[in-house]
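Working notes, structure below.
Protein chains: 2
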Amino acid sequence: MSERAERAWRPTILDVAARAGVSKSLVSRALRDAPTVSPARRAAVRQAAEELGYRPNAVARSLVQRRSHTVGVMVSDLHNLFFAEVLDGVEAVAAGHGYRVLIVTGNRDRAAEEQALETLLELRTDAVILASSRLSLRSVAAARQSVPVTLVARAARVAGVDTVTNDDGRGARLAVEHLASLGHRRIALVDGGSGPGSAARRRGYRAAMGALGLADEIGVAAGDFTDEGGYRGARSLLTGSSRPTAICAGNDLAATGVLTALAEAGLRVPADVSLVGYDNTALAALRHVSLTTIHQPRTEMGEAAMRAALRRLDGGAGRARRLVLQPSLVQRATTASPAAS
Amino acid sequence: MSERAERAWRPTILDVAARAGVSKSLVSRALRDAPTVSPARRAAVRQAAEELGYRPNAVARSLVQRRSHTVGVMVSDLHNLFFAEVLDGVEAVAAGHGYRVLIVTGNRDRAAEEQALETLLELRTDAVILASSRLSLRSVAAARQSVPVTLVARAARVAGVDTVTNDDGRGARLAVEHLASLGHRRIALVDGGSGPGSAARRRGYRAAMGALGLADEIGVAAGDFTDEGGYRGARSLLTGSSRPTAICAGNDLAATGVLTALAEAGLRVPADVSLVGYDNTALAALRHVSLTTIHQPRTEMGEAAMRAALRRLDGGAGRARRLVLQPSLVQRATTASPAAS
DNA sequence: CGCGTTCCTGGGAACGTTCCCATCGGCGGC
DNA sequence: GCCGCCGATGGGAACGTTCCCAGGAACGCG
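Sequence lines, in order, name chains S and C.
Straight run, no breaks: the first sequence in the UniProt record's numbering ends on number 341.
Straight run, no breaks: the second sequence in the UniProt record's numbering ends on number 341.
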């Protein structure tokens with residue numbers, strides 16, 4: 001290996017200028033395809049840059065332009081595939097508008113999230129998208145003082161902060177209505193606890209049951225957004241006197257826990273009990289699981305978040321916009337009419 | 001909303017200096033806890049900064065210091081949970097050494113990956129970690145010219161580029177030995193096709209079978225690293241004359257496909273057929289799946305990658321180091337002795 | 001009380017760009 | 001053929017920090 005590879009020497013615009021025999025200004029313009037550069041010079045500059053392996057310094061550029069052409073996305077948990085798809089949407093829109101996407105993560109930890117947000121702000125990304133963060137509203141509001149902020153999958157109200165969420169109440173209603181239309185009446189909910197959106201899903205479940213005249217059949221078991229939580233919730237439902245013929249789980253992961261509990265109890269799905277998840281993650285689509293579930297338009301949520309950021313970046317001011325996207329039901333193998341008993 | 005929130009005005013060190021009645025130099029030192037600042041001034045500066053909502057500009061700092069205290073990680077696919085855990089390791093070590101981690105992604109697309117790497121290089125991150133990238137070796141080598149580069153989960157040999165991988169051959173051997181120790185002889189492999197590591201796993205499988213005197217029982221079915229691929233591979237194994245009593249899948253995802261095929265064929269797991277996956281993803285740990293699998297030390301791989309980067313950052317030169325970590329077997333519910341038939 | 005030393009403090013340069021403006025030819029029109 | 005204009009080019013300032021260095025205040029000691 002040459003010495004060059006060991007010590008990081010990086011050519012600057014001045015090196016290119018010297019090699020091409022022109023001024024730094026001309027190099028700058030030539031490399032950015034600015035109009036007033038003669039073809040001959042342009043070629044010479046290109047070649048010199050190529051030979052030197054020159055790469056523009058985005059740091060210096062950001063400093064002088066006072067913008068980075070970059071949006072920062074803080075994701076609370078990369079272990080949750082939900083965010084990967086949100087990011088797909090963000091990146092698709094960003095790329096189409098000449099923005100680069102930088103991702104930071106807070107690993108399910110409040111302090112780490114605050115730190116990650118701080119990193120983005122110090123880096124002076126042009127906008128910040130916060131995906132389902134646990135950040136204090138104070139921090140969010142503070143961030144909004146210096147940069148456009150969009151919240152995804154969190155409905156908090158902060159002045160000037162746009163939000164993009166999914167209609168959790170409606171999603172829960174879809175699940176209940178689907179099961180009712182199959183003929184179920186004893187439809188129980190394994191709750192998501194304090195997870196984001198779970199309160200709205202619970203309300204939606206209750207409202208839908210009431211609207212269908214099934215208020216007496218309402219049954220909510222405590223759970224959370226994990227495999228284990230779903231398992232516990234289902235166990236408690238199964239020990240009751242009148243076991244439900246259908247269960248709505250807080251999310252897909254919890255639904256797999258429900259599946260485990262049902263299997264242990266010797267109950268077949270969907271012959272004995274029907275099951276609906278929430279999120280339509282890749283997990284639900286696995287044939288071994290093949291879970292009927294509520295689809296959240298995650299990619300669209302990411303797209304919408306990025307578009308909201310772009311609107312602010314283009315000078316769009318005014319009050320916060322709160323976009324609520326609609327979920328839909330995806331039927332797979334875990335729901336059917338109750339056994340004619 | 002105040003006008004302030006709409007237009008992004010950001011105080012600079014000069015604003016803080018003016019408010020505190022000191023020079024910019026002093027502000028700089030005070031805020032960085034440099035030694036030679038009197039307590040009174042330090043407090044005054046702190047307060048002024050606080051009141052203004054001052055946040056240091058990392059861009060300007062990077063420019064003058066010629067380092068960013070940041071490492072960039074390019075991840076080829078955030079939909080693959082493997083990377084989330086690698087990132088856990090990277091972040092843990094980075095945080096312990098005062099480095100921030102910036103993530104970019106190439107969404108399984110070569111061109112996008114090249115672009116993402118370019119972003120990192122232009123941003124002048126102090127080091128770059130490439131997680132299982134599809135990047136051309138030319139690009140990797142070019143990047144190495146200006147910054148320390150570490151490859152994770154890809155064993156390519158590039159001058160000066162450290163690599164951290166897992167011993168796939170040994171992992172496959174562990175799976176085979178486990179099954180053989182349970183009494184299995186007809187142990188088949190559902191292959192991972194051209195996926196990373198799958199060639200080494202195939203070789204490991206063959207070698208282990210041979211070493212155990214089971215060369216005649218070798219059976220490899222074409223598959224890939226997806227649910228669907230595992231399903232197809234298992235189907236072809238089950239239509240053969242002598243069906244295997246045990247199957248090794250290319251990875252955990254493929255193993256769920258195998259589970260589906262086995263269920264469809266009316267075979268019980270592990271009573272009729274035992275199954276071993278690879279990766280030990282969260283999927284394998286779900287009780288509904290409860291898959292015996294080969295654990296890859298992903299977090300450790302991330303840690304090792306970051307440590308390798310730190311070593312280069314501290315001036316460590318010399319030839320590339322290639323670290324190979326050892327996998328281990330995690331026994332769950334999908335393996336047992338073959339039915340005494 | 002003077003002098004040297006130790007703390008503090010402030011000014012200026014530098015980092016690598018972009019942008020504005022001035023300059024310099026050359027060319028076309030009257 | 002002169003004047004004005006336009007296209008091409010270069011020089012300098014600015015972006016917001018950090019770092020180096022010079023200078024000043026305070027203090028101790030003889």
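Built from N, CA and C at the ideal position, the CB exists for glycine as well.
Pro270 (chain C) is classed as buried because its beta carbon has at least 16 other beta carbons within 10 Å across all chains shown. Annotated three-state conformation of Thr125 (chain S) is coil, per DSSP.
Within the region 237 to 274 of chain C, complete beta strand (DSSP E) segments of at least 3 residues are found at 246 to 249, given in chain order. Using a Cβ-Cβ cut-off of 7 Å, Asp227 (chain C) counts as an interface residue toward chain S, since at least one Cβ of chain S sits closer than that to its own. For the options C:Ala58, C:His97, C:Ala215, the alpha carbon positioned closest to that of Arg311 (chain C) is the one of C:His97. Around the Cβ of Arg66 (chain C), a 10 Å sphere holds fewer than 16 other Cβ atoms; the residue is exposed.
Ranking S:Arg173, S:Gly219, S:Ser198, S:Arg61 by CA distance to the CA of Ser328 (chain S) puts S:Arg173 first. Within the UniProt domain "HTH lacI-type" (11 to 65) of chain C, the complete alpha helix (DSSP H) runs of at least 4 residues fall at 13 to 20, 24 to 31, 39 to 52, 58 to 65.
Close CB contacts of Ser62 (chain S) within its chain, under the 6 Å cut and outside five residues either way in sequence, are with Ser68 (chain order). Closer than 7 Å at the C-beta level to chain S, one finds these residues of the region 143 to 172 of chain C: Arg144, Gln145, Ser146, Val147, Ala159, Gly160. For Ala49 (chain C), the nearest beta carbon of chain S is not closer than 7 Å to its own beta carbon. When 9 Å is used as the limit between beta carbons, Thr119 (chain C) is near these residues of chain S: Ala58, Thr70, Arg100, Val101, Leu102, in chain order.
In chain order, Asp88, Glu91 make up the part of chain S whose C-beta sits under 8 Å from the C-beta of Asn107 (chain C).
At a cut-off of 7 Å between beta-carbon atoms, Ser194 (chain C) makes no contact with chain S. The criterion of a C-beta distance shorter than 7 Å is not satisfied by Val45 (chain S) and Ala60 (chain S).
For Arg124 (chain S), at least one C-beta of chain C is nearer than 7 Å to its own C-beta. Taking 8 Å as the upper bound for CB-CB distance, Ala246 (chain C) and Val273 (chain C) are in contact here, some 7 Å apart. Residue pairing for Leu137 (chain S): DSSP places it in no beta bridge.
For Ala127 (chain S), the nearest beta carbon of chain C is not closer than 7 Å to its own beta carbon. The three-state secondary structure of His295 (chain S), taken from DSSP, is strand. If you draw a straight line from the Cα of Ala309 (chain S) to the Cα of Val128 (chain S), it comes to about 8 Å. Pairwise C-beta distances place the region 101 to 112 of chain S in contact with the region 87 to 101 of chain C, as three or more of them are shorter than 8 Å.
Residue environment for Ser132 (chain S): buried (at least 16 other C-beta atoms within 10 angstroms of its C-beta). Rounded to whole angstroms, Ala92 (chain S) and Ala305 (chain S) show a C-alpha spacing of 11 Å. Contact annotation for Gly53 (chain C) against chain S: Ala142, Gln145, Ser146 [CB-CB distance below 9 Å, chain order].
Taking CB atoms only, Thr299 (chain C) has no neighbour in chain S less than 7 Å away. Counted as a single uninterrupted DSSP element, the alpha helix (DSSP H) harbouring Ser181 (chain S) occupies residues 168 to 181.
Taking the beta carbon of Thr260 (chain S) as reference, the chain C residues within 7 Å of it are Arg287, His288, listed in sequence order.
By DSSP's assignment, Ser328 (chain S) forms a beta bridge with S:His295. Under a criterion of Cβ atoms nearer than 7 Å, the residues of chain C adjacent to Arg10 (chain S) are, in order, Ser146. Considering only S:Leu137, S:Val64, S:Arg10, S:Asp167, the residue with the shortest C-alpha distance to Glu51 (chain S) is S:Arg10. Classified as exposed, Arg319 (chain S) has fewer than 16 neighbouring CB atoms from the shown chains inside 10 Å of its CB. Cβ contact annotation for Ala221 (chain S) (same chain, cutoff 6 Å, sequence separation greater than five): Val190, Gly233, Ser236, Leu237, in chain order. Counting C-beta pairs closer than 8 Å gives fewer than three between the region 249 to 257 of chain S and the region 187 to 207 of chain C, which falls short of the contact rule. With contact defined as three or more Cβ pairs closer than 8 Å, the region 287 to 300 of chain S and the region 329 to 338 of chain S are in contact. Residues of chain S with a Cβ closer than 8 Å to the Cβ of Tyr231 (chain C) are, in chain order, Arg287.
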